[in-house]
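J.:
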Amino acid sequence: MKDPDRRLARLLSLARRSTPPSEPAAPEDVRFFVQRTVSAWKSQRNASATLDPWRLWERAGNWSLAAATALVILVFLQPERPPQSNPFDAFGPVEVEEFNLF
Amino acid sequence: MEHEVSPNTALAVPAEWGELLLRVRAGDEDAARATVERLHGHVRKIVFAHLPRRDDPEDLMQEAFLKVFDRLDQYRGEVAFENWVARITVHTCIDRLRRQRARPEWRWADLSEEQQAVIESAAAESEAGPAAPDCARELIDKLLAGLKPEEQMVIRWLDLEQKTIAEVCTSTGWNSGLVRIRVFRARRKLRTLYRELEKSKP
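Chains as they are written, first to last, in the working numbering: chain A, 3 to 104; chain B, 844 to 1045.
(1) Can you pull the chain A neighbours of B/Tyr1037, defined as C-beta to C-beta under 7 Å?
(2) Figure out for me which residue from B/Leu1040, B/Val997, B/Ser1014 and B/Glu956 has the closest Cα to the Cα of B/Cys978.
(3) Considering only C-alpha positions, which residue in the set A/Arg19, A/Asp5 and A/Asp7 is nearest to B/Leu1003?
(4) Do B/Glu906 and B/Thr935 have their C-beta atoms closer together than 8 Å?
(5) Could you tell me which of B/Lys991, B/Glu925, B/Ala952 and B/Ile931 sits nearest to B/Arg1032, measuring between CA atoms?
(6) Between which residues of its own chain and B/Ala966 is the CB-CB distance below 8 Å, once the five residues before and five after are set aside?
(7) Give the range of the alpha helix (DSSP H) segment to which B/Lys910 is assigned.
(8) When you compare the CB of A/Ser20 with every CB in chain B, is at least one pair closer than 8 Å?
(9) Along the segment 969-991 of chain B, what residues have a CB closer than 9 Å to any CB found in chain A?
(10) Does the beta carbon of B/Asp902 come closer than 8 Å to any beta carbon on chain A?
(11) Could you compute how far the alpha carbon of B/Met844 sits from the alpha carbon of B/Glu981?
(12) Contact check, B/Pro857 vs B/Trp951 under 8 Å by CB: the rounded distance?
(13) So is A/Trp65 buried or exposed if we call it buried at 16+ other beta carbons inside 10 Å?
(14) Measure how close the beta-carbons of B/Val928 and B/Val886 come, nearest whole angstrom, since I'm counting them as under 8 Å.
(15) What residue does the alpha helix (DSSP H) around B/Tyr1037 start on, and which one ends it?
(16) Compute the beta-carbon to beta-carbon distance between B/Ala874 and B/Leu882, rounded to the nearest angstrom, for a pair I have assumed lies under 8 Å.
(17) Using a Cβ-Cβ distance under 8 Å, would B/Ile931 count as near chain A?
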């Protein structure tokens, strides 16, 4: 093993003996955390349950804007097509006789 | 709004959790409280082991619990509920590490005197002082900050906590091949970072 690798291995084995980063939490801290988390969960549920009309309107506006932008980009990116030839052009100009039926 | 509870999805859930989880899914606050209380130590241990020490662990723990409650409908009982929660917590930590990843490159001059002394004592293979393990841990944490979050985690699990590959697979949902590849790459990068650190020594 190369020397730096050996030193790194030694550092790792030293680090394994370090004090664990997490001490058990105090009961009152746990209680406070539980309360805070459940309140956050409750407000999250309430927020998703209530339909805010303004939020809906805003979302509809965003979707319309995105669709319109995509459409405009699509139209601009369309390759320009050559004018289509008329299959009857080969027959040349045809003179149309006018009939007077009456 | 009450969540719809499908009895079919609850069938595979272990009996010790089944009723409690059904109540949480139905919006029962007491059940949610009991679930957080039961899993607090488990989640706390994971977060403290993987989060950089300067970060707020409680904030991340709360984020993990909210994700657990949010995805409760997806739990089918394929793995123990504690392991399922562990996976969500691990991935929450990975997301956080990914967001704050700065990939710092540490140079000799950036180290504290104690950290320099620890490296010197490792080089001389002399006996380290009583504070050396914590100092070495800080040093390793600094070096790990230069790796990808998934790589940091496998090094912490396998080389610091000395867990087995099977345990890492259970906690993450990754297969053993993936864990082996990640740890191989992570160790190679860690060695490179350490060599660069030593090279920067005046």
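The beta carbon of each residue, even a glycine, is placed where N, CA and C say it ideally should be. Just so you know, these numbers come straight off a predicted model, no measurement behind them.
T.: Once the coordinates are examined:
(1) For this step, residue 1037 of chain B is matched to residue 194 along the second sequence. Chain A residues near B/Tyr1037: Pro6 and Leu10.
(2) As a working mapping, residue 978 of chain B is identified with position 135 in the second sequence. If we check each option's Cα against that of B/Cys978, B/Glu956 comes out closest.
(3) The residue labelled residue 1003 of chain B in the question sits at position 160 within the second sequence. Ranking A/Arg19, A/Asp5 and A/Asp7 by Cα distance to B/Leu1003 puts A/Arg19 first.
(4) One-based indexing of the second sequence puts residue 906 of chain B at position 63. One-based indexing of the second sequence puts residue 935 of chain B at position 92. Yes, these two residues count as a Cβ contact at 8 Å.
(5) As a first step, residue 1032 of chain B is located in the second sequence; it is residue number 189 there, counting from the start. Note that residue 1032 of chain B is Lys in the sequence shown, not Arg. Taking only the C-alpha atoms, the option nearest B/Lys1032 is B/Lys991.
(6) On the second sequence, position 123 is the one that residue 966 of chain B refers to. Hits under 8 Å: none found.
(7) Position 67 of the second sequence, counted from the first residue, corresponds to residue 910 of chain B. It spans Pro900 to Asp913 - the alpha helix (DSSP H) in which B/Lys910 sits, taken as one unbroken run.
(8) By one-based count along the first sequence, residue 20 of chain A stands at place 18. So yes, A/Ser20 belongs to the interface.
(9) Ala971, Ala975, Pro976, Asp977, Cys978, Ala979, Arg980, Glu981, Leu982, Ile983, Asp984 and Leu986
(10) If you number the second sequence from 1, residue 902 of chain B lands on position 59. Output row for B/Asp902: interface = no.
(11) Here the question's residue 844 of chain B lines up with position 1 in the second sequence. Here the question's residue 981 of chain B lines up with position 138 in the second sequence. Caution is warranted here: a pLDDT of 38 is assigned to B/Met844, below 50, making its placement in the model unreliable, and the coordinate value is therefore given only provisionally. Roughly 47 Å between the two C-alpha positions.
(12) Locating residue 857 of chain B in the second sequence gives position 14, counting from the first residue. Locating residue 951 of chain B in the second sequence gives position 108, counting from the first residue. Actually they do not touch by this definition, with Cβ atoms about 52 Å apart.
(13) As a first step, residue 65 of chain A is located in the first sequence; it is residue number 63 there, counting from the start. It is exposed - the Cβ of A/Trp65 has fewer than 16 other Cβ atoms within 10 Å.
(14) On the second sequence, residue 928 of chain B is found 85 positions in, with the first residue counted as 1. On the second sequence, residue 886 of chain B is found 43 positions in, with the first residue counted as 1. Confirmed, Cβ separation roughly 7 Å.
(15) In the second sequence, residue 1037 of chain B corresponds to position 194, counting from 1. Segment Ser1019 to Lys1042, the alpha helix (DSSP H) holding B/Tyr1037.
(16) Locating residue 874 of chain B in the second sequence gives position 31, where the first residue counts as 1. Locating residue 882 of chain B in the second sequence gives position 39, where the first residue counts as 1. So it is not a contact: roughly 13 Å between Cβ atoms.
(17) Start at 1 with the first residue of the second sequence, and residue 931 of chain B comes out as number 88. No, no contact with chain A.
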